[in-house]
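One structure is given here, and the rest of the page talks about it.
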Amino acid sequence: MFGYIKPLVPELRVKEHELYKSVYCGLCRCLGRVRRMTLNYDIVFLALIRMALTGDKLEIKPKRCFVHPFKKRPSLVPNETLRYCAKASALLTYYKIADNVKDSKGLKKLFAVISLIIFRIFKKNIDGLDTEVISYLNELDILEKAQTQSVDAPAEIFGKLLAAVFAHGLEIDQNKRIAYEIGLHVGRWIYITDAVHDFEQDKKHGTYNPLTDINKDIISTALTLELTHVEKAIDLININEKSIENLIKNIIYLGMAKESSYGRSV
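Quick note, the numbering used here runs 179 ahead of the 1-based positions in the sequence shown.
Take a look at the structure:
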């Protein structure tokens with residue numbers, strides 16, 4: 180994951196911001212000391228979507244940790260959603276590090292190998308999700324090695340990967356379909372946004388980027404279309420907790436648009 184999906188904090192109410200921080204803190208605790216360094220905003224969004232779908236009870240308690248030892252911070256008490264998202268985060272991190280091992284050289288490669296060994300301990304096969312993730316990553320690797328000059332094909336594969344993560348294990352078919360749709364288009368949005376952000380750097384170093392040029396109008400239209408699909412799927416959720424609903428909408432309508440320099444204006 181890339182950390183692009185986050186709220187526009189100045190537009191959040193105090194209660195919503197506290198909830199967001201409590202979810203982040205709860206995930207951090209579920210991940211544990213070694214893995215918590217990999218936590219990013221994308222996983223918090225995953226947790227919010229899953230909780231909106233499942234209607235998990237939210238219990239927040241003030242907690243201290245080694246990062247904030249002197250003042251207690253609001254922390255969401257671990258529930259099934261947080262535990263799943265923590266495992267999914269560890270799984271995705273493991274394969275991201277594995278990809279870095281293939282692409283790195285020298286000291287960077289050595290560090291990546293050491294990290295891979297460490298994270299192998301924490302990687303969990305979540306009832307078959309591991310197999311799906313590997314399958315999509317292999318497809319993505321084939322396209323990238325072939326230097327595919329189309330952002331749509333690799334974006335679709337990455338979208339399907341995230342769709343599998345968002346929908347995995349949900350028992351109600353409608354919830355599974357909604358989660359899949361959200362994950363698919365969020366994944367496509369992430370892949371396109373990342374390609375835009377990396378374009379100049381990749382061009383400078385001669386590394387692969389699926390974009391052949393930067394056409395602002397086309398990219399803006401593509402990103403807007405992906406967010407539109409996400410919005411339509413979220414509108415199908417009957418969200419009981421208003422703060423979660425406001426957080427999700429803030430992230431989509433404001434945060435994601437601002438994060439991408441070619442996103443729609445807010």
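In this text, a Cβ means the ideal position worked out from N, Cα and C, and glycines have one as well.
Since the structure is predicted, the reported quantities are computational estimates derived from the model, not experimental observations.
Does the separation of the CB atoms of Y450 and L316 fall below 7 Å?
The structure shown does not extend to residue 450, since the chain spans only 180 to 445, so no value can be given for it.
Work out the CA separation of T233 and L286 for me, nearest whole Å.
For the purposes of this step, residue 286 is identified with residue 107 of the sequence shown, where counting begins at 1. For the purposes of this step, residue 233 is identified with residue 54 of the sequence shown, where counting begins at 1. With a pLDDT of only 43 at L286, under the threshold of 50, the placement of this residue in the model should not be trusted; the figure read from the coordinates follows. Approximately 44 Å between the Cα atoms of the pair.
Taking Cβ positions, are S254 and G205 nearer each other than 7 Å?
Looking up residue 254 in the sequence shown gives position 75. Looking up residue 205 in the sequence shown gives position 26. Here S254 is near G205, since their CB atoms are less than 7 Å apart.
Measuring CB to CB, does Y183 end up less than 7 Å from E438?
Position 4 of the sequence shown, counting from 1, holds the residue named residue 183. Position 259 of the sequence shown, counting from 1, holds the residue named residue 438. The criterion of a C-beta distance shorter than 7 Å is satisfied by Y183 and E438.
Exposed or buried, F224, counting other C-beta atoms within 10 Å across all chains shown (16 or more means buried)?
Here residue 224 is taken as the residue at index 45 of the sequence shown, counted from 1. F224 should be labelled buried.
Can you tell me where the beta strand (DSSP E) with L255 in it begins and where it stops?
Start at 1 with the first residue of the sequence shown, and residue 255 comes out as number 76. In the DSSP assignment, L255 falls within the unbroken beta strand (DSSP E) covering 252-255.
Bounding residues of the beta strand (DSSP E) (the contiguous stretch that carries P241):
Sequence index remark: in the sequence shown, residue 241 carries index 62 (1-based). For P241, the enclosing beta strand (DSSP E) starts and ends at 239-242.
The alpha helix (DSSP H) with D457 in it runs from where to where?
Residue numbering for the chain in the displayed model covers 180 to 445; residue 457 lies beyond these limits and cannot be assessed.
Which whole-angstrom value is the C-beta distance of N429 and L187, which I expect to be below 8 Å?
The residue labelled residue 429 in the question sits at position 250 within the sequence shown. The residue labelled residue 187 in the question sits at position 8 within the sequence shown. At roughly 6 Å, the Cβ-Cβ gap stays under 8 Å, so N429 and L187 are in contact.
Suppose you measure from the CA of G434 to the CA of G366; what does that come to, to the nearest Å?
Taking the sequence shown and counting its residues from 1, one reaches residue 434 at position 255. Taking the sequence shown and counting its residues from 1, one reaches residue 366 at position 187. Straight-line Cα distance between these residues: approximately 16 Å.
Simplified DSSP state of N354, which is helix, strand or coil
Locating residue 354 in the sequence shown gives position 175, counting from the first residue. Of the three classes helix, strand and coil, the one that applies to N354 here is helix, per DSSP.
Give a yes or no on contact between the segment 340-348 and the segment 309-323, applying the rule of three or more CB pairs nearer than 8 Å.
Yes, since at least three Cβ pairs between the segment 340-348 and the segment 309-323 fall closer than 8 Å, the two stretches touch.
Helix, strand or coil for Y263 per DSSP?
For the purposes of this step, residue 263 is taken as residue 84 along the sequence shown, with counting starting at 1. Note: Y263 maps to helix in three-state DSSP.
Rounded to whole angstroms, what is the Cα-Cα separation between K288 and T372?
Translated into the one-based positions of the sequence shown, residue 288 becomes position 109. Translated into the one-based positions of the sequence shown, residue 372 becomes position 193. Model confidence at K288 stands at a pLDDT of 47, short of 50, so the residue's coordinates are unreliable; what they give is reported in the following sentence. One Cα belongs to K288, the other to T372, and the distance between them is close to 26 Å.
Between the Cα of I416 and those of W368, Q380, I361, spot the shortest distance and give me the residue it belongs to.
Here residue 416 is taken as the residue at index 237 of the sequence shown, counted from 1. Cα-wise, what sits closest to I416 is I361.
Tell me the rounded alpha-carbon separation between H408 and H364.
Position 229 of the sequence shown holds residue 408. Position 185 of the sequence shown holds residue 364. Near 7 Å, if we compare the C-alpha coordinates of H364 and H408.
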